[in-house]
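Trainee:
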Amino acid sequence: MYHIKRVLSLRTRLAMAAGLLAVLALLIAAFALGSRQVGRDLDSASAQALRQAVLQAAVQCYAVEGSYPSSLDYLEENYGLLVNHDRFIVTYEAFASNLMPQVNVLERA
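Sequential numbering of the sequence shown, starting at 113, is according to our numbering.
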């Protein structure tokens, strides 16, 4: 059986190579943007987890001592709370010893 060999011109081969490179560049850019978004989501989840840990430690203190602690330092010293102060800014506002404190966590830029 006789087969016809197709010979691609140089222009066609260059156009195919350019198209392949363009597709690869788009895939790399999409991956980079996606991984950056995943990083932001993880940072947000870390801040939320730290906020929950602070609140849980405050509730544990209330259950044991009968009052909420007056400062975040008290929770760190007496209840084993670990806060990465280089990465997060934690505001802890206690209005009264019988009211749940307000806790906000922000990630440092």
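Backbone N, C-alpha and C fix where the C-beta goes; we use that ideal spot for every residue, glycine too. Because the structure is a prediction, the values reported are computed rather than measured.
1. Helix, strand or coil: which one does DSSP assign to residue 215?
2. For residue 191, does the three-state DSSP call read helix, strand or coil?
3. How should residue 215 be labelled, buried or exposed, when 16 other C-beta atoms within 10 angstroms of its C-beta is the threshold for buried?
4. Compare the C-alpha of residue 211 against each of 125, 187, 182 and 198 and name the closest.
5. Taking contact to mean at least 3 C-beta pairs separated by less than 8 Å, is the stretch 190 to 210 in contact with the stretch 131 to 148?
6. My output table needs one value for residue 70: the three-state DSSP class, helix, strand or coil.
7. Helix, strand or coil for residue 180 per DSSP?
8. With DSSP as the reference, label residue 207 as helix, strand or coil.
9. So, is residue 166 buried or exposed, given that buried needs 16 or more other C-beta atoms within 10 angstroms?
10. If the criterion is Cβ atoms closer than 8 Å, does the pair residue 205 and residue 159 meet it?
Mentor: The relevant details are as follows:
1. Under the three-state reduction of DSSP, residue 215 is assigned to strand.
2. coil
3. buried
4. 182
5. no
6. Because the chain in this structure spans residues 113 to 221, residue 70 falls outside the shown range and cannot be described.
7. coil
8. coil
9. buried
10. no
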